[in-house]
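> The sequence shown begins at 1 in this note's numbering and counts up one residue at a time.
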Amino acid sequence: MERRKFLGMGAGMVAVLAAPSMLMATNYREKLPEVWKIKNDEKAKGEDMAGVNAAIKAIFGSDKVEEGKVKLKAPDIAENGAVVPVSFKAEGAKKIALMQTADPEAVVAIFDVPERGIPDYSVRIKMQQTGHVVVVAEIDGKLYKAEKVVKVTVGGCGG
Numbered sequence: 001m002e003r004r005k006f007l008g009m010g011a012g013m014v015a016v017l018a019a020p021s022m023l024m025a026t027n028y029r030e031k032l033p034e035v036w037k038i039k040n041d042e043k044a045k046g047e048d049m050a051g052v053n054a055a056i057k058a059i060f061g062s063d064k065v066e067e068g069k070v071k072l073k074a075p076d077i078a079e080n081g082a083v084v085p086v087s088f089k090a091e092g093a094k095k096i097a098l099m100q101t102a103d104p105e106a107v108v109a110i111f112d113v114p115e116r117g118i119p120d121y122s123v124r125i126k127m128q129q130t131g132h133v134v135v136v137a138e139i140d141g142k143l144y145k146a147e148k149v150v151k152v153t154v155g156g157c158g159g
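1. Between T153 and A106, which are expected to be in contact by the criterion C-beta below 8 Å, what is the C-beta distance as a whole number of angstroms?
2. Would you be able to state if there are at least three C-beta pairs under 8 Å between the region 54-66 and the region 79-91?
3. On the criterion of 16 or more Cβ atoms from any shown chain inside 10 Å, does E91 qualify as buried, or is it exposed?
4. I need the DSSP call for R116, collapsed to helix, strand or coil.
5. Out of K145, T130 and P119, which one is the CA nearest neighbour of E67?
6. Quickly, what does DSSP pair Q100 with across the bridge? List them, please.
7. Considering only the alpha carbon of each residue, which of E147, G131 and K148 lies closest to D48?
8. E34: buried (16+ other C-beta within 10 angstroms of its C-beta) or exposed?
9. Residues in the same chain with beta-carbon distance under 7 Å from L32, minus the five sequence neighbours each way, listed in chain order, please.
10. Please report the distance separating the alpha-carbon of E115 from that of K95.
11. Please specify which runs of the alpha helix (DSSP H), each continuous and at least 4 residues long, are wholly inside the region 47-85, giving them in chain order.
12. Taking the alpha carbon of M127 as the reference point, which residue from I139, V86, Y28 and A54 has its own alpha carbon closest?
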């Protein structure tokens, strides 16, 4: 019995040592407070991309974005805007921003991808109405995006 405990503890120690020594998250609400003040035009009913474009420039310092290298999965129709599943991949990305046009705030989340990290994320977002979901990734010094229109049948933000 003692031998099993010793081997179990040894395996546990190997797992702890193999894990990254330091994981840190960047608080973008403090680092880039102006980004979270960028609003979408509510009168545009989720069709105006001005808020998203301004957010891209504020986050990445440029608004020159190319299509490709980012894969985005989201439903065509979300029956409940309170829980819209979104997943995205961006091989080789250093930073990824998730945005949408359906709510007052354009930016949903910003992710820093650690070195040797696998940028393959799945999240659930809220969407007040039908709108565009946009993912922008910085890969090899260039910006790439993917976007999709998601139709919302039941509002997620009090609707």
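Cβ atoms here follow ideal geometry from the backbone N, Cα and C, with glycine treated the same way.
Straight from the coordinates:
1. Contact flag wrong, Cβ pair sits at about 22 Å.
2. With the cut-off at 8 Å, the region 79-91 and the region 54-66 do not touch.
3. exposed
4. coil
5. K145
6. V133
7. G131
8. With fewer than 16 other Cβ atoms within 10 Å, it is exposed.
9. The beta carbon of L32 sits closer than 7 Å to those of A58 and I59, all from its chain and outside the five residues before and after it, given in chain order.
10. 11 Å
11. Considered as a whole, the region 47-85 harbours 50-60 as its complete alpha helix (DSSP H) runs of no fewer than 4 residues, in chain order.
12. Selected option, being the one with the closest Cα: V86.
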